[in-house]
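J.: Order-wise, the sequence lines are chains A and B. Quick note on the working numbering: the first sequence kicks off at 1 and runs consecutively. Quick note on the working numbering: the second sequence kicks off at 1 and runs consecutively.
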Amino acid sequence: MTASNASPEAAPSYLLRGAALYGGERADLLIEAGRIAAVGAIAAPAGARVVDADGLVALPGLVDVHTHLREPGREDAETVETGSRAAALGGYTAVHAMANSNPVADTAGVVEQVHSLGRRAGWVDVRPVGAVTVGLAGEQLAEIGAMADSAARVRMFSDDGMCVHDPVLMRRALEYVKAFDGVVAQHAQEPRLTAGAQMNEGAVSAVLGLPGWPAVAEESIIARDVLLAQHVGSRLHVCHVSTAGSVEIIRWAKSRGINVTAEVTPHHLWLTDELVRSYDPVYKVNPPLRTQDDVEALRTALADGTIDVVGTDHAPHPSEHKECEWAQAAMGMTGLETALSVVQHTMVESGLLDWRAVARAMSEVPAHIGRAGDQGRPLAEGEPANLVLVDPAARWVVNPSVQATKGRNSPFAGRELPGRVVATFFRGHPTVLDGALNEPYPQPAVVTR
Amino acid sequence: MKHLLSTRDLTPGDAIRILDTAEEMAAVNDREVRKLPALRGRTVVNLFFEDSTRTRISFEAAAKRLSADVINFAAKGSSVSKGESLKDTAQTLEAIGADAVVIRHSAAGAPHRLAMTDWINAAVVNAGDGTHEHPTQALLDAFTLRRHLSKVAGTPSTGADLAGAHVVIVGDILHSRVARSNVWLLTTLGARVTLVAPPTLLPFGVEQWPCAVSYDLDEALADAPDAVMMLRVQAERMNASYFPSTAEYSRLWGLGDERFARFSEPELKDTVILHPGPMVRGLEISSVAADSDRSQVLRQVANGVSVRMAVLYLLMSAKESTR
Numbered sequence: 001m002t003a004s005n006a007s008p009e010a011a012p013s014y015l016l017r018g019a020a021l022y023g024g025e026r027a028d029l030l031i032e033a034g035r036i037a038a039v040g041a042i043a044a045p046a047g048a049r050v051v052d053a054d055g056l057v058a059l060p061g062l063v064d065v066h067t068h069l070r071e072p073g074r075e076d077a078e079t080v081e082t083g084s085r086a087a088a089l090g091g092y093t094a095v096h097a098m099a100n101s102n103p104v105a106d107t108a109g110v111v112e113q114v115h116s117l118g119r120r121a122g123w124v125d126v127r128p129v130g131a132v133t134v135g136l137a138g139e140q141l142a143e144i145g146a147m148a149d150s151a152a153r154v155r156m157f158s159d160d161g162m163c164v165h166d167p168v169l170m171r172r173a174l175e176y177v178k179a180f181d182g183v184v185a186q187h188a189q190e191p192r193l194t195a196g197a198q199m200n201e202g203a204v205s206a207v208l209g210l211p212g213w214p215a216v217a218e219e220s221i222i223a224r225d226v227l228l229a230q231h232v233g234s235r236l237h238v239c240h241v242s243t244a245g246s247v248e249i250i251r252w253a254k255s256r257g258i259n260v261t262a263e264v265t266p267h268h269l270w271l272t273d274e275l276v277r278s279y280d281p282v283y284k285v286n287p288p289l290r291t292q293d294d295v296e297a298l299r300t301a302l303a304d305g306t307i308d309v310v311g312t313d314h315a316p317h318p319s320e321h322k323e324c325e326w327a328q329a330a331m332g333m334t335g336l337e338t339a340l341s342v343v344q345h346t347m348v349e350s351g352l353l354d355w356r357a358v359a360r361a362m363s364e365v366p367a368h369i370g371r372a373g374d375q376g377r378p379l380a381e382g383e384p385a386n387l388v389l390v391d392p393a394a395r396w397v398v399n400p401s402v403q404a405t406k407g408r409n410s411p412f413a414g415r416e417l418p419g420r421v422v423a424t425f426f427r428g429h430p431t432v433l434d435g436a437l438n439e440p441y442p443q444p445a446v447v448t449r
Numbered sequence: 001m002k003h004l005l006s007t008r009d010l011t012p013g014d015a016i017r018i019l020d021t022a023e024e025m026a027a028v029n030d031r032e033v034r035k036l037p038a039l040r041g042r043t044v045v046n047l048f049f050e051d052s053t054r055t056r057i058s059f060e061a062a063a064k065r066l067s068a069d070v071i072n073f074a075a076k077g078s079s080v081s082k083g084e085s086l087k088d089t090a091q092t093l094e095a096i097g098a099d100a101v102v103i104r105h106s107a108a109g110a111p112h113r114l115a116m117t118d119w120i121n122a123a124v125v126n127a128g129d130g131t132h133e134h135p136t137q138a139l140l141d142a143f144t145l146r147r148h149l150s151k152v153a154g155t156p157s158t159g160a161d162l163a164g165a166h167v168v169i170v171g172d173i174l175h176s177r178v179a180r181s182n183v184w185l186l187t188t189l190g191a192r193v194t195l196v197a198p199p200t201l202l203p204f205g206v207e208q209w210p211c212a213v214s215y216d217l218d219e220a221l222a223d224a225p226d227a228v229m230m231l232r233v234q235a236e237r238m239n240a241s242y243f244p245s246t247a248e249y250s251r252l253w254g255l256g257d258e259r260f261a262r263f264s265e266p267e268l269k270d271t272v273i274l275h276p277g278p279m280v281r282g283l284e285i286s287s288v289a290a291d292s293d294r295s296q297v298l299r300q301v302a303n304g305v306s307v308r309m310a311v312l313y314l315l316m317s318a319k320e321s322t323r
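1) Report the CB separation of residue 228(B) from residue 170(B) in whole angstroms; it is logged as a contact under 8 Å.
2) Tell me, please, whether the CB atom of residue 85(B) is closer than 8 Å to any CB atom in chain A?
3) For the alpha helix (DSSP H) containing residue 296(B), name the first residue and the last one.
4) For the segment 302-327 of chain A, which residues have a CB atom closer than 9 Å to at least one CB atom of chain B, in sequence order?
5) Who are the neighbours of residue 208(A) on chain B, taking C-beta pairs under 8 Å?
6) So who's on the other strand from residue 347(A), going by DSSP bridges?
7) With a CB to CB cut of under 6 Å and the five nearest residues on each side skipped, what residues in its chain are close to residue 37(A)?
8) If the cut is a Cβ gap below 9 Å, which residues of chain A does residue 116(B) touch?
9) How many angstroms separate the CA atom of residue 50(A) from the CA atom of residue 42(A)?
10) Is it a yes or a no for the segment 311-318 of chain A touching the segment 331-346 of chain A, going by three-plus beta-carbon pairs under 8 Å?
11) List in chain order: all unbroken alpha helix (DSSP H) runs of 4+ residues lying wholly within the segment 154-218 of chain A.
12) Which runs of the beta strand (DSSP E) at least 3 residues long sit entirely within the segment 338-426 of chain A? Give them in chain order.
13) Return the bridge partner residues of residue 129(B) from the DSSP annotation.
14) Might you give, ordered along the chain, the residues of its own chain that have their beta carbon closer than 6 Å to the beta carbon of residue 109(B), omitting 5 neighbours on each side?
15) Output the residue ranges of the beta strand (DSSP E) runs that lie fully inside the segment 218-264 of chain A and measure 3 residues or longer, sorted by chain position.
16) For the putative contact between residue 260(B) and residue 288(B), defined by C-beta atoms under 8 Å, what is the C-beta separation to the nearest angstrom?
17) Would DSSP call residue 182(B) helix, strand or coil?
18) Residue range of the alpha helix (DSSP H) that residue 70(B) falls in?
19) Kindly provide the ranges of any alpha helix (DSSP H) runs that are 4 or more residues long and lie completely inside the segment 75-137 of chain A, ordered along the chain.
20) Using the beta-carbon of each residue, which ones in chain B are nearer than 7 Å to residue 212(A)?
21) For residue 2(A), count the other beta carbons within 10 Å of its own beta carbon; 16 or more makes it buried, fewer makes it exposed. Which is it?
22) Using a Cβ cut-off of 8 Å (strictly closer), state whether residue 413(A) contacts chain B.
23) Here's the rule: buried if 16 or more other CB atoms are within 10 angstroms of the residue's CB, otherwise exposed. What is residue 7(A)?
24) Do residue 53(A) and residue 16(A) count as a contact pair if the criterion is CB distance below 8 Å?
25) Thinking C-alpha only, which one of 281(A), 23(A), 46(A) and 246(A) is nearest residue 301(A)?
26) Going by beta-carbon coordinates alone, are residue 141(A) and residue 173(A) separated by less than 8 Å?
27) In this structure, does DSSP put residue 46(B) in helix, strand or coil?
28) Per the DSSP calculation, residue 430(A) is bridged to which residue(s)?
29) Would you tell me roughly how many angstroms separate the C-alpha atoms of residue 166(A) and residue 100(A), rounded to the nearest one?
30) To the nearest angstrom, how far is the alpha carbon of residue 353(A) from that of residue 35(A)?
31) Among the candidates 279(A), 78(A) and 62(A), whose CA atom is the shortest distance from the CA of residue 364(A)?
32) Rounding to the nearest angstrom, what Cα-Cα distance links residue 420(A) and residue 348(A) in this structure?
33) Whose C-beta lies closer than 7 Å to the C-beta of residue 432(A) among residues of the same chain, with five residues either side of it excluded?
34) Go through its chain and collect everything with a Cβ distance to residue 32(A)'s Cβ below 6 Å, but skip five positions before and after it.
35) I need the DSSP call for residue 8(A), collapsed to helix, strand or coil.
36) For chain A, is any of its Cβ atoms less than 8 Å away from the one on residue 216(B)?
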């Protein structure tokens, strides 16, 4: 790592005093030169800054497999700078930036630009996701190899926002990424079954007169894709699983040994289509909010491992795209700064997950899916010091206007959430201290290969 | 009641109060000078994002007969067609001093947005939003039906509900705001409702609605309903495979001459035909049926003015009292 070798002696060391590792055993953590230098009962070395971590839970830095940073192209909605600040405040040390920017991240040039912007910002590892098809148009494979070999080292490929609906193209993509240890992250949405769709198709859409997005449009694509992944022996990741039926199909696929991972968003773990009765577009998202039965099935699936990871699908939009009629409004919700709290509320406080499992679902497995080598590592001596300290006893009310993201479209606005990120360490450097942004990690913008 | 957005929000008491007020308004409409000073100095804006001459002139007549000032704002040819947002339009109307906004919009929930945001303070009347609701249409249908039933029974209509009545609604339920508003309102007033449509034109989850559902119009007619409401069917639905052909649709779900002939049977002797208009003659209804003495179509139009007068009067006088 060129950056961390620059001046290791100059970087201050930190002693995190009395953190509960993974919510369990309490220990001190010494951070030096970008790494966890020691774990245990440690006397503070001279010059080390001591952080009182009494009552705080230490987790490996969170890794988001599904983030929209909007740059290049929609800098009015978000930039790499603002989005990665939001990520750091949410406890993240790495995010995977989806490809639906403008221009689309379908060439080595665009992914290197995003990667470089991320390094310059210095809040988290920004790992660009490459498009599967040129322009997300679903017609022709993008230059997957060039993106994989670029400075951005892309390993995750997705047309997210659009479904790779052509079965032949999906088959080819699944096969082709094998050459680069890549994964295809599918946005499962059969386009013909969802033309003009505005919300979950069900009892609520029938009353509201909004065109429905039926569960079968997601489930039929997932069923096809797991069978394709089995047939060609490739690795498939399913983005934002939203229905109970999808969970059953993924459970079946895993029982057959198919190499599939699945993601759920924080909002699908909590919110339902009942909220759409307000016609407030802050609740408009794709895939749509489903029913309480779906929420329960998703929680169970995350608890039993059928769903592997929580991905935010952080999707900021300018306010004019939400302050309008439902049908005209953009789809998407912010999520980076609320994800961990929502998971604590829906999964930890309900007894479905312990903090150890949260570390798996929000850091270790996401890092593994995205092949983010020095992320999602154990809290152990010698490991990269990417970690987060959480105060699980804190309570706070979501106020989008004070968040770091440019997006004001949080569906949790006004709700009280548990858990506060007190500190985030990114490569041994505190990007967040005392619950507030600190300084970014200093590193050169230009990467030498 | 500050706004009229959905008939689901109406209690039986609310609905009967609107219908009874409409009876009083109807009496005004029968007078030589059809005008009341009730809303003098108040401003009603007809905000129409969708063409609907019938509904717009009905609201315009209603407001004018109550002496309100009326501004017609058609979105086409205005700043809206140049990209102005609903929010900016609403704030403009607020600045102009609109006391009530009658909104017609292709987007379901647009009236809700006006009513629930702080963009505008005016009373909001939903004049049809997407495939969601059309509450004043349902109110005028209920009013028309109530008058008919009272006439048959020889009892006064004022104060009455629709207990015991049976209404069959036929056609494109899926895309019909009229059907939705009628299902909620008619059942709130005690009527029994049966929806008849091809399965493709029924909403997903319709079995949870407080009504019966049938695919068979003849079977529904055999149940001797008090009213049959025929909904407009757009021929374009055929291209999206909702049904194979207009001929097959007419044969199975249309009120053609042969089916209408059954109306002379004794059990259907008092059954009336309702249609929200505009009718597609020859598709969902034959000219013989549409022009027969069973058809209430023109009465519905006339009653529409009385019902809309009642709604504007009740909303705007309620608003005045809270100021």
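Just so you know, even glycine gets a beta-carbon here, dropped at the ideal spot from N, CA and C. Small disclaimer: the values here were computed from a predicted structure and weren't measured.
T.: Quick answer:
1) Sequence index remark: in the second sequence, residue 228(B) carries index 228 (1-based). Sequence index remark: in the second sequence, residue 170(B) carries index 170 (1-based). Correct: roughly 6 Å between the Cβ atoms.
2) Here residue 85(B) corresponds to residue number 85 of the second sequence, with the count starting at 1. Taking Cβ atoms only, chain A reaches closer than 8 Å to residue 85(B), which makes this a yes.
3) Your numbering for residue 296(B) matches position 296 in the second sequence. Taken as a continuous stretch (DSSP letters only), residue 296(B) belongs to no alpha helix (DSSP H), as it is neither H nor E.
4) 320, 323, 324, 325, 326 and 327
5) Mapped onto the first sequence, residue 208(A) falls at position 208. By Cβ distance, chain B contributes 108, 109 and 132.
6) By 1-based counting over the first sequence, the position of residue 347(A) is 347. In the DSSP output, where bridge partners are listed per residue, residue 347(A) has none listed.
7) In the first sequence, counting from the first residue as 1, residue 37(A) sits at position 37. Contacts found: 30.
8) By 1-based counting over the second sequence, the position of residue 116(B) is 116. Within 9 Å Cβ-Cβ: 278, 279 and 280.
9) Position 50 of the first sequence holds residue 50(A). Position 42 of the first sequence holds residue 42(A). Looking at the two C-alpha atoms, the distance is approximately 11 Å.
10) yes
11) 167-176 and 203-208
12) 387-397 and 416-426
13) Locating residue 129(B) in the second sequence gives position 129, where the first residue counts as 1. Note: residue 129(B) sits in a beta bridge opposite 105(B) and 133(B).
14) As a first step, residue 109(B) is located in the second sequence; it is residue number 109 there, counting from the start. There are no such residues.
15) 236-238 and 260-264
16) Counting from one through the second sequence, the residue named residue 260(B) turns up at place 260. Counting from one through the second sequence, the residue named residue 288(B) turns up at place 288. That pair is a contact at about 6 Å.
17) For the purposes of this step, residue 182(B) is taken as residue 182 along the second sequence, with counting starting at 1. Looking at residue 182(B) - three-state DSSP - the assignment turns out to be helix.
18) Looking up residue 70(B) in the second sequence gives position 70. Segment 69-74 is the beta strand (DSSP E) holding residue 70(B); no alpha helix (DSSP H) there.
19) 80-89 and 108-121
20) Within the first sequence, the letter at position 212 stands for residue 212(A). By Cβ distance, chain B contributes 204.
21) The residue given as residue 2(A) occupies position 2 in the first sequence. The predicted model places residue 2(A) with a pLDDT of 39, which falls under 50 and marks its position as unreliable, so this point remains unresolved.
22) For the purposes of this step, residue 413(A) is identified with residue 413 of the first sequence, where counting begins at 1. No, because no Cβ of chain B sits closer than 8 Å to the Cβ of residue 413(A).
23) The sequence position of residue 7(A) within the first sequence is 7, counting from 1. Unreliable placement is indicated for residue 7(A), whose pLDDT of 46 sits below 50; no coordinate value is reported for it.
24) Your numbering for residue 16(A) matches position 16 in the first sequence. Your numbering for residue 53(A) matches position 53 in the first sequence. Yes.
25) Numbered from its first residue, the first sequence carries residue 301(A) at position 301. For the residues 281(A), 23(A), 46(A) and 246(A), the minimum Cα distance to residue 301(A) belongs to 246(A).
26) Position 141 of the first sequence, counted from the start, is the residue given in the question as residue 141(A). Position 173 of the first sequence, counted from the start, is the residue given in the question as residue 173(A). Yes. Within cutoff.
27) Here residue 46(B) refers to the residue found at position 46 when the second sequence is read from its first residue. In the structure shown, residue 46(B) sits in a strand (DSSP, three-state: E or B).
28) Within the first sequence, numbered from 1, the residue matching residue 430(A) stands at position 430. Its beta-bridge partners are 425(A).
29) Start at 1 with the first residue of the first sequence, and residue 166(A) comes out as number 166. Start at 1 with the first residue of the first sequence, and residue 100(A) comes out as number 100. About 18 Å.
30) Walking along the first sequence from the start, residue 353(A) turns up at place 353. Walking along the first sequence from the start, residue 35(A) turns up at place 35. Going from the Cα of residue 353(A) to the Cα of residue 35(A) covers about 28 Å.
31) Residue 364(A) sits at position 364 when you count from the first residue of the first sequence. Nearest option by C-alpha distance: 62(A).
32) Within the first sequence, residue 420(A) is the residue found at index 420, counting from 1. Within the first sequence, residue 348(A) is the residue found at index 348, counting from 1. Spanning the two alpha carbons is a distance of roughly 14 Å.
33) Stepping through the first sequence from its first residue, residue 432(A) is reached at position 432. So the list reads 88, 89, 421, 423, 424 and 438, once near-sequence residues are dropped.
34) Along the first sequence, one-based indexing puts residue 32(A) at 32. Excluding positions up to five away in sequence, the list reads 13.
35) Locating residue 8(A) in the first sequence gives position 8, where the first residue counts as 1. Caution is warranted here: a pLDDT of 45 is assigned to residue 8(A), below 50, making its placement in the model unreliable, and no coordinate value can be reported.
36) Within the second sequence, numbered from 1, the residue matching residue 216(B) stands at position 216. No, because no Cβ of chain A sits closer than 8 Å to the Cβ of residue 216(B).
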